[in-house]
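Read in the numbering used here, the sequence shown has 7 at position 7, and its numbers run on one by one without any break. Read through the structure below, which is laid out as structure tokens, and then see the notes.
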Amino acid sequence: YGVAVQDFGKSWTSGLAFLAVIKSIDPSLVDMRRALLRTPRENIEEAFRTAHYSLGIPRLLEPE
């Protein structure tokens with residue numbers, strides 16, 4: 001999906017890596033083109049919400 005993950009810190013701050021992981025599980029859940037237009041915080045919120053409600057993954061982190 002064009003998302004390069006190089007580490008466990010800064011690579012995740014845009015939220016795109018989280019969304020790419022979700023998309024790899026179920027492509028219908030994420031529109032990466034829309035994600036490129038959103039802010040990092042919006043992407044992280046969307047990723048955590050989707051993971052929780054669509055995949056049953058509990059929310060363990062808060063975007064800051």
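Each residue gets a CB set at the ideal place from its N, CA and C atoms; glycine is no exception.
Asked, Found
"Which residue marks the beginning of the alpha helix (DSSP H) containing VAL21, and which one marks its end?", "16-25"
"Give the straight-line distance between the Cα atoms of SER54 and ARG34, rounded to the nearest whole angstrom.", "18 angstroms"
"Using the beta-carbon count (16 or more within 10 Å), is VAL5 buried or exposed?", "exposed"
"Are GLY15 and ILE44 touching if we call contact CB-CB under 7 angstroms?", "yes"
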